[in-house]
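To start, the structure itself, in structure tokens.
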Amino acid sequence: MTEPTSTPLYPLAAPTQQQVTPTVLPHDPVAEHIAAHLGRIDTVFHDTIADPVQVDIHVVPANARYPFLRLVTSGMSSLPMTAPEGAPPFAELMMALPADWKLDEQSVQDERWYWPVALLRHLAHYPHRHATWLGLGHTVPNGHPAQPYAKGVEFTGAILLPPASAPEAFAALECDGKDIYFHCVVPLYEAEMNLVKRKGFPALLDGFNDKGVTDLVVPGRKNTVKKFLGLF
1 MTEPTSTPLY
11 PLAAPTQQQV
21 TPTVLPHDPV
31 AEHIAAHLGR
41 IDTVFHDTIA
51 DPVQVDIHVV
61 PANARYPFLR
71 LVTSGMSSLP
81 MTAPEGAPPF
91 AELMMALPAD
101 WKLDEQSVQD
111 ERWYWPVALL
121 RHLAHYPHRH
131 ATWLGLGHTV
141 PNGHPAQPYA
151 KGVEFTGAIL
161 LPPASAPEAF
171 AALECDGKDI
181 YFHCVVPLYE
191 AEMNLVKRKG
201 FPALLDGFND
211 KGVTDLVVPG
221 RKNTVKKFLG
231 LF
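Be aware that the sequence shown starts at 1, since it is given in this note's numbering, and climbs by one per residue.
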């Protein structure tokens, strides 16, 4: 189990127009893995710059098995991260969103809808651009000091957790001699980020269990860190 880190990220860039296509790129084992375990891929947000990897984001709409929408990266694992000995160097990322989350061409011009796409792409590029790594339990603030991801969104950071709402077989993929692990990106409030820094992410999971918080992104959900006499 890796220890949490608070590696600072630069603030997310404003949303930009992305190419959206209704097809899965041919011969993409990660995309095939996504479709096999989560459902049909509806659209793909293609990365316009390969720096140094090209990260595409696949959109899996809600279906009969899973009543929520998923975003999953493909391309982060095309190069190994600069991971310490014994830590897995290949990873991809996922987010689970409400079924009615808007990702049409017009809506993605609004950061209130686009920020999960921007967050996934930013995190997928980060370890390659900065010679570091991301793994289970790592926390990543949105800048220093941390800022909300978008107007009206109070989350200021995120944690990487196991993809608990996905089938067990989705969590890892063996491809071309490498093991790729899929982590779920769960956005956090500032107090939750601070709790992880102080006590580790098991303490956060205890709060999640007490409040019924899952890996599904629910804007405006309850803060799981109790406030007492004005102090956290």
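Virtual Cβ for every residue (Gly too), placed ideally from N, Cα, C. All of these numbers come straight from a predicted model, not from anything done at the bench.
Those residues which DSSP pairs with residue i across a bridge
i	result
Val-60	Arg-70
Met-76	The partner list for Met-76 (beta bridge, DSSP) is empty, contrary to what the question assumes.
Leu-38	Beta-bridge pairing links Leu-38 to no other residue.
Pro-84	Per DSSP, none; premise fails for Pro-84.
Through-space distance from residue j to residue i, alpha-carbon basis
i	j	result
Ile-41	His-125	22 angstroms
Phe-90	Pro-145	29 angstroms
Val-30	Gly-135	18 angstroms
His-183	Ala-131	19 angstroms
Glu-32	Arg-221	33 angstroms
Asp-28	Lys-226	44 angstroms
Gln-147	Leu-188	12 angstroms
Reduced DSSP category for residue i - H, G, I as helix; E, B as strand; rest coil
i	result
Glu-92	strand
Pro-187	strand
Leu-103	coil
Pro-219	coil
Pro-29	helix
Pro-116	helix
Pro-98	strand
Asp-110	coil
Arg-65	coil
CB of residue i within 8 angstroms of CB of residue j, strictly
i	j	result
Ala-83	Trp-133	yes
Val-196	Thr-156	no
Phe-201	Gly-137	yes
Val-60	Gly-39	yes
Leu-69	Leu-93	no
Met-95	Pro-80	no
Met-193	Pro-141	yes
Residue-level contact to chain C via CB, residue i, 8 angstroms cutoff
i	result
Pro-67	This model lacks chain C altogether, as it is built from one protein chain only.
My parser needs the beta strand (DSSP E) runs of 3 or more residues fully inside the stretch 122-183; what are they?
Within the stretch 122-183, the runs of beta strand (DSSP E) at least 3 residues long that lie entirely inside it are, in chain order, 139-141, 157-161 and 172-175.
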